[in-house]
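Engineer: Dumping the structure here so I can ask a few things about it.
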Amino acid sequence: MTGTIDRVGAAAAETSFLLNGRPVTIRVPPIRRLSEALREDLGLTGTKVGCNAGDCGACTVRIDGRQVCACLTPVGQVAGRHVQTVEGLAVEGPAIGGRGGHEARLTRLQASFHRHGAAQCGVCTPGMLMAATDLLERNPAPTRGEVEDALGGVLCRCTGYRKIVDAVMGAAEDGIAFLVPQAGAAVGARVAKTDGIAKLTGEERYGADAMPADALWLRAVRSPHARARFRLGDLAALRRAWPGLAAVLTAADVPVNRYGIYPTGKDQPALADGEVRYRGEAVLALVGDADTIESLTDADIPIEWEPLAPVTFEAARAGGAPVLHADLPDNVLVRGRVVKGAVDDTFAAAAAASVVEVETAFVEHAYIEPEAGWARRVGDRIEIVACTQTPYMDRDEIAHVMGLSREQVRIVPTAVGGGFGGKLDLSVQPLLAVAAWRLGRPVRWTYSRPESMAASTKRHPARIMARACAGSDGRLLGYDFAGDFNTGAYASWGPTVANRVPVHATGPYHVPHVRALTRALHTNDPPAGAFRGFGVPQAAIAHEALMDDLAAKLGMDPLEFRHLNALRAGEPTATGQVLEASCGLAACIAALREPWRAARAAAEAANRAGGAVRRGVGIGCMWYGIGNTSLSNPSSMRVGLRPDGRIVLYNGAVDIGQGSNTIMVQICADALGLPMDAFDLVTGDTDLTEDAGKTSASRQTFVSGNAAERAGRGLRAELLRRLNVGEDAALRLEAGCVHARDAGGERTLRLADLEPDARGDVLSAVGTFDPPTTALDEDGQGVPYATYGFAAQMAEIAVDLELGTVKVTRIVAAHDVGRAVNPIQVEGQIQGGIAQGLGLALMEEYVPGRTENLHDYLIPTFGDVPEIECILVEDREPLGPFGAKGIGEPALVPTAPAILNALHHATGVRITRAPATPDRVLAALRAAGVGVTP
Amino acid sequence: MYEFAYHRPASLAEASALLTGNEEARPLAGGHTLLPTLKQRLAQPSDLVDLGGIAELKGIREEAGGITIGAMTTHGAVAHDQTVRRLIPALADLAEGIGDRQVRNRGTLGGSISNNDPAADYPAALVGFGAVVRTTAREIPAEDFFTGMFETALEPGELVREVHFPRPDRAAYAKFPNPASRYAVVGVMVAQRGGEVRVAVTGAGPSVFRWTDAEVALAGNWSPAALDALQVDADGLNSDIHASAEYRANLVKVMAKRAVAQIP
C-alpha cells in the first residue's frame with residue numbers, strides 16, 4: 002500500500018512520525034496532505050475526506066493530542082509528532098464482534114456512540130470521535146455547550162447532532178454491553194445498529210475506501226458554462242503531450258449516450274455531445290495514472306466554447322424561451338393535476354379566504370461522502386463498486402448505457418455516506434463502466450467536493466401560488482394550488498415531483514374542493530432530482546402559511562384550527578382515497594397541545610418586555626405517501642438458514658445511514674421467531690441479493706420490511722412443517738439444530754442433515770411485497786399510496802430584530818409512524834430531518850458557480866440544531882410490517898413551515914421566500930416597520 | 004508537472020536567507036490558506052519555506068505592561084494563555100472565536116496577518132489596540148501594516164517575527180461570523196487606552212479600517228446609545244453571497260454597539 006505518488010509539490014522526502022503509537026517513515030512529498038498519505042500511502046482509510054478544504058472536519062485526526070484537519074496538514078509538519086487516527090482509538094480492552102465476525106475493540110466513547118445511535122451513515126463519525134477524544138482527555142465531564150463547541154468543526158448531515166452530543170456526554174458511563182433482544186422482542190426495541198461497529202472503528206468501506214492498487218484514475222472535465230456549444234480540439238496532441246493518459250473519452254465513446262430514471266424520456270448524456278445544458282455537465286473523461294490525472298488542469302484541455310444565454314427559471318415560466326429538449330415544447334417536462342369538486346364556486350361562498358406566494362431555492366444534499374467508486378471488466382461482464390441508493394436501477398441503467406444485458410452488469414454497493422435522494426441518480430458509474438470496459442483495467446473515481454456540488458442533482462426550486470378558504474365553522478372548503486418547479490437541464494426525478502406534489506398540495510387536511518396543478522420546467526440550471534420529500538416540503542410551506550392565516554381570520558387558535566381540519570380515518574383525500582386506518586394526525590396535534598399553549602404564552606409574555614429579541618412559536622403539519630406514486634414498487638427479501646444454525650438475510654435494501662440493515666433484521670427475526678444475534682447480513686450486491694428496490698420515498702421499512710416479514714414467516718412455516726409443530730411453537734437455535742416446543746413437547750431438526758443449496762443454505766424463503774395502489778385518472782383521482790405518514794411539529798424561535806437572525810430554540814415533533822420498529826432510529830430520522838428542514842428554512846441556497854463548497858453553502862452545524870423532543874404516535878398500519886409505516890421524509894417536511902410560522906408569530910411579518918436569511922428577514926422587518934422598542 | 008523545493012529551516016536567519024532575494028519563494032505557516040491555493044495552482048512558488056520548525060517564532064510574553072506574541076503562535080495557544088487572559092481578555096476572546104478548534108490548533112497569528120484576508124479577526128485587534136508588527140527588518144505600526152485586500156506592507160522576503168499589543172484600559176470584540184467558517188462577516192473591536200478610543204472594523208471592507216465617527220462619539224459618551232445617531236455608508240463595503248454591502252453596514256453599527264455593551 003505504499004507509493005511515492007508525487008503530484009503537486011516537492012520531491013519525495015522521508016518523514017518519520019508516530020502513527021497510532023508506532024513509528025512510521027514514509028517517503029512522499031512533504032507538502033502532501035496528511036489525509037492523502039494516511040489513506041493512499043499507509044492504507045488507513047478510516048480518516049475520511051469530505052471536502053479537502055477544512056470545512057467538513059471529516060478528516061479530523063489528533064496531532065500530539067490536538068484535533069486538526071488532516072486535509073490541511075502537510076506531511077512535513079508532522080515530523081517527529083504523534084498522529085492518532087480512528088484506527089488507533091481502541092487498542093486495549095475487551096474485544097467484541099466486528100465486521101465479518103472478526104474482533105473489534107471499542108473505547109467507552111465509541112461504545113457510547115453505538116448505544117446512542119450517534120452514527121447514522123457513519124462517514125463523519127471518525128472525525129467526531131477524534132474531536133471528542135481530544136475534548137474528553139482534557140475535560141472528562143463536559144457540558145452540552147462544551148461538547149458542541151469542541152465538535153463544532155465537524156459537519157454531520159444525518160443525525161441533527163443531538164445523539165452525537167448525547168453520546169459524548171454519556172461516554173463516562175461504564176461498559177460496552179449492548180441490548181440483545183430475546184426472540185420475538187426485536188420489533189420496538191432500542192437496539193444498536195447491526196452494522197454499527199465498523200462505522201466506529203474505521204473499518205467500514207465507503208465509495209472511496211476500497212480502491213484497487215492497480216486502478217487507473219478518472220477525472221471528468223466539466224462545463225464552466227450553463228449553456229454553450231463546444232468543439233473539441235486536438236485530443237491526439239493532448240495524448241502525446243501527456244503519456245500518462247490511457248484514454249480521453251468523449252461522447253462518441255459511450256455506447257448509448259442517454260440515461261434517465263424513467264423507461265421513456267432518457268435525456269441525459271454521460272458526456273455532452275457538442276452542447277452543454279448546465280454548469281458542471283461532463284464533456285470529457287480523462288483516464289490515466291494518478292500523477293497525470295491530478296496534474297492536468299482544465300486549461301490544458303483543448304475545448305473551444307461558445308457560450309449562449311442560459312434559460313432561467315423566470316424565462317421558462319414566462320414561455321417563449323429557447324427549448325432545451327426538442328421534444329418538449331415550452332420546456333415543460335411534465336404537468337401534474339389533481340382536481341376534485343368545484344373549487345372556484347367554493348371561494349365565492351367562503352367565510353374566510355387567504356392567498357400565499359412561496360419561493361424556494363435549489364437545495365444541495367451535501368452528504369459528507371462525495372460520490373466515489375471503481376469499476377472493472379470481468380470477462381464479458383462489468384462490475385461497479387460504488388456508493389448508491391439504488392443498485393438494481395443502476396444495474397439496469399448501466400446495461401442500457403453500455404448496450405449490455407442486465408446479467409452482464411454487477412453492482413456492488415459500498416457503505417453510503419449519506420444520500421437523501423442525491424445518490425438515486427447515476428454519478429461515477431457510467432464513465433467508470435465505459436473506461437474499465439474499454440481499457441480492461443480497473444478504473445477509480447472520487448468526486449471532489451466542488452464537483453459533487455456542481456454535477457449532482459438538487460432539490461427543485463419552487464414558485465407556488467396557493468389559496469385556501471374555510472366556512473364560518475372553521476372547516477376548510479377549498480384549496481387551489483399552482484406550482485412551478487425548476488427541474489433544471491435534465492429530467493432526473495422531475496416527473497416524480499410534479500406528480501407527488503398535487504396529491505399532497507392541500508396538506509394533511511380534509512378539503513372537499515381541490516385544484517392542484519404543477520409544472521416541471523427545464524432550465525439551464527443543474528438537474529433537480531430526488532431530495533427527501535420530492536417537492537412536498539416546498540408545498541408544505543404554502544399550506545401551513547395558509548392554515549395560520551385562515552385561523553387568524555376566523556379568530557381561531559392555529560393548532561385548534563388544524564386539529565379541527567385534520568384528515569381522519571374514513572375521510573377522503575384530494576384524490577378521493579379514503580384512508581381506513583393509521584391516520585394519526587389528530588393524535589399528533591393533540592400531543593402538542595400542552596407544550597404549544599405553554600410556549601405561546603411564555604413567548605408572548607417575554608415579548609411584552611421589548612428589547613432586541615422577539616420570541617415566537619409556530620406549528621407545521623404534514624402527510625406523506627409511503628412508496629412510489631401510483632407505481633408498482635415491489636421489494637423482495639431472502640432469508641436462509643445455514644447448516645451451523647446461522648441465519649442469513651439477503652438484503653438488497655441499501656442502508657444509507659437511516660438503519661434499514663437493522664430494521665430488516667428486527668422484522669425478519671420476529672417474523673421467524675428467532676433472535677437477532679443469530680443473523681448475518683449479505684447486503685446490496687446485485688449478484689447475491691433479491692431486488693429490494695430503491696432506498697427512496699420512505700419505502701424501505703414499509704415495503705422491504707414487509708418483504709422481510711414475509712420471508713421470515715415463510716422460513717418459519719417451513720421449519721414448523723418439518724418439525725411438525727403448531728403455529729404457536731417457540732423456536733430455539735442451538736448447536737446446529739432448530740428446537741421447537743409446543744403443547745406436544747419438544748422436537749429437533751438437525752440442520753447438517755439437510756442438503757445445502759448453491760448459496761450454502763439448507764432452508765430458505767423469499768418474501769415479496771408490492772404496496773397496493775391504483776393508477777390516477779385524468780383528474781388525479783385514485784389510490785396513489787397504500788399508506789401515509791403524518792406529523793405535527795412545533796418550533797420555538799428567537800428573532801434578533803437588529804440583525805434579522807433567527808435562532809431556533811426548541812422543537813417538539815409528534816410523528817405517526819404506525820409502529821416504531823426501532824425508536825432510536827426513528828428519533829435519529831426525526832432529528833436529522835429537522836436539521837435539514839431548519840436548513841431549508843433559514844440558510845440553504847445553492848447558486849451554481851458561487852456555493853460549490855461547504856463554507857459558502859451553509860448547512861446546520863452543532864449550534865444550529867436545538868433541543869428536540871420526539872413524540873412517537875403509533876397508530877398501527879394494518880398493511881405495515883408489525884404496523885410500521887415510514888419516517889425518512891416525513892421528518893423534514895413540517896420543520897420549515899413551523900419555523901416560518903414562528904417567525905410570523907414573533908414579528909407579525911410573513912416570510913414565504915426560503916431560505917429566510919438574516920438579510921432577507923431584516924429587510925422584511927424594516928419594510929414592515931418592526932424594530933427594537935426602547 | 005509543477006514542482007518546487009520544500010525547506011524546513013530551524014532558525015529565523017536560515018528562513019530569511021532562503022526567502023531573501025527569491026521572489027518566487029513563499030513562507031508556510033499553518034498551511035490552512037496556502038495548502039489549498041497550492042493544490043488549485045493559484046500559487047506556484049519555486050520554494051516553500053516551512054516556518055513550523057523555528058522555535059524562536061513561538062511564544063507569548065508580557066512586555067511593557069502589554070503582550071508580545073510570536074508569529075508562529077497558534078490561535079488556540081493565544082486563546083488559552085493565562086497572561087493574555089489576564090492582561091487583554093478581549094484578545095483571548097477574539098482568538099477563541101477564530102474558526103473551529105481544528106483551525107485554532109493549526110492557524111497562526113503571523114500567517115493570519117501576513118495573508119490579510121479581509122474577513123480575518125486579528126487585524127481588528129492589531130488596529131484596535133495600536134499594535135506594532137515586528138518583522139525581520141523593522142517595526143511597523145498596525146495601521147500601516149494592513150494596506151489592502153490580501154496586501155500588507157511586508158516586502159518580499161520579510162517575515163513577521165512577533166506582534167506587540169499594548170494593553171488597553173478596556174476593550175471588547177463583537178463579530179457576526181460566517182456560520183460555517185466563522186470568518187468575520189463583520190467584526191468590531193472597540194478599545195480605549197488613556198484618552199484614545201479606537202473602533203476597528205474587519206470583514207466589512209477590503210481591509211481592516213477605523214470607524215472614526217464612532218471613535219469620536221464614544222470618546223464623548225461611552226455607551227451603545229452614543230452610536231445610535233450614526234450611519235455607516237454601504238458604499239465600498241464588501242458584498243457577497245452571505246451579506247450585501249447594506250447588510251454589512253448595519254452589522255458594523257450593531258456589532259460596535261454590542262461590543263461597547265459588553266464592557267462594564
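As they're listed, the protein sequences go chains A and B.
When we follow our numbering, the leftmost residue of the first sequence carries the number 2, and every step to the right adds one.
When we follow our numbering, the leftmost residue of the second sequence carries the number 4, and every step to the right adds one.
Just so it is clear, CB atoms sit at the ideal spot from N, CA and C, and this is done for glycine as well.
1) Could you tell me the boundaries of the beta strand (DSSP E) in which PRO180/B lies?
2) Would you say ASP120/B reaches chain A, if we count a Cβ-Cβ gap shorter than 7 Å as a contact?
3) I need the straight-line Cα distance from VAL255/A to ALA271/A, nearest angstrom please.
4) Helix, strand or coil for ALA132/A per DSSP?
5) Which whole-angstrom value describes the C-beta separation of ALA259/B and GLU249/B, a residue pair presumed to lie in contact below a C-beta threshold of 8 Å?
6) Whose C-beta lies closer than 6 Å to the C-beta of ASP172/B among residues of the same chain, with five residues either side of it excluded?
7) My output table needs one value for ILE266/B: the three-state DSSP class, helix, strand or coil.
8) Within a Cβ cutoff of 6 Å, which residues of the same chain sit near SER17/A, ignoring the five residues on either side of it in sequence?
9) Count the other C-beta atoms from every protein chain shown that fall within 10 angstroms of the C-beta of VAL610/A, then say buried if there are 16 or more, exposed otherwise.
10) For my contact list, HIS523/A and ALA317/A are in at a C-beta cut-off of 8 Å; report their separation, rounded to the angstrom.
11) Determine whether the Cβ of GLU803/A lies closer than 7 Å to any Cβ atom of chain B.
12) Quick check: what's the CA-CA separation for PHE363/A versus PRO596/A?
13) Span of the beta strand (DSSP E) holding GLU719/A?
14) Can you give me, in chain order, the residues of the stretch 44-64 of chain B that have a beta carbon less than 7 Å from any beta carbon in chain D?
15) In the structure shown, what three-state DSSP assignment does TYR789/A receive?
16) Spell out the partners DSSP gives GLU358/A in its beta bridges.
17) Please say whether LEU752/A and VAL763/A have beta carbons closer to each other than 7 Å?
18) Name the chain B residues that come within less than 9 Å of VAL333/A, Cβ to Cβ?
19) According to the neighbour-count rule (16 or more other Cβ atoms, all chains shown, within 10 Å of its Cβ), is ILE149/A buried or exposed?
20) Quick one: is ARG141/B buried, meaning 16 or more other Cβ sit within 10 Å of its Cβ, or exposed?
21) Could you compute how far the alpha carbon of PHE883/A sits from the alpha carbon of GLY706/A?
22) Does the beta-carbon distance from VAL69/A to ARG33/A come in below 7 Å?
23) Indicate whether SER113/A and ALA71/A have their beta-carbon atoms separated by less than 7 Å.
24) To the nearest angstrom, how far is the alpha carbon of ALA903/A from that of GLU545/A?
25) Is THR749/A buried or exposed, if buried means 16 or more other CB atoms sit within 10 Å of its CB?
26) Spell out the partners DSSP gives ASN487/A in its beta bridges.
27) As an exercise, report each continuous alpha helix (DSSP H) stretch of at least 4 residues that is fully enclosed by the stretch 841-926 of chain A, in chain order.
28) Taking buried to mean at least 16 other C-beta atoms within 10 Å of its own C-beta, is MET152/B buried or exposed?
29) Is ARG230/A closer than 7 Å to GLU1/A when the C-beta atoms are compared?
30) Beta-carbon of ARG927/A versus every beta-carbon of chain B: anything under 7 Å?
31) Give, in chain order, every residue of the stretch 96-113 of chain B whose Cβ lies closer than 8 Å to some Cβ of chain A.
32) Is ILE143/B close to chain A? Criterion is C-beta to C-beta, closer than 7 Å.
33) Which of helix, strand or coil does DSSP assign to THR251/A?
34) Please say whether ARG63/A and ASP167/A have beta carbons closer to each other than 7 Å?
35) Compare the beta carbon distance of THR71/B and GLU165/B with 7 Å and say whether it is the shorter of the two.
36) For ALA14/A, which residues from the same chain have a beta carbon less than 6 Å from its beta carbon, with the 5 sequence-adjacent residues on both sides left out?
Structural biologist: Taking the definition as stated:
1) 173-180
2) no
3) 7 Å
4) helix
5) That belief does not hold up - the Cβ atoms of ALA259/B and GLU249/B are roughly 17 Å apart, past 8 Å.
6) GLN195 and ARG196
7) coil
8) THR26
9) Looking at the sequence provided, one finds Ala at residue 610/A rather than Val. By the 10 Å Cβ count, ALA610/A comes out exposed.
10) 7 Å
11) yes
12) 34 Å
13) Here GLU719/A belongs to no beta strand (DSSP E); instead the alpha helix (DSSP H) covers 706-724.
14) In the structure shown, chain D does not exist; the protein chains are A and B.
15) strand
16) MET466/A
17) yes
18) Within chain B, no residue comes near VAL333/A; the closest Cβ sits about 31 Å away, beyond 9 Å.
19) The displayed chain sequence assigns Glu, not Ile, to residue 149/A. GLU149/A should be labelled buried.
20) exposed
21) 9 Å
22) no
23) no
24) 11 Å
25) exposed
26) LEU522/A
27) 896-908
28) exposed
29) With chain A covering 2 to 935 only, the question about residue 1/A has no answer from this structure.
30) no
31) GLY102, ASP103, ARG104, GLN105, VAL106, ASN108 and ARG109
32) no
33) coil
34) no
35) yes
36) PRO31
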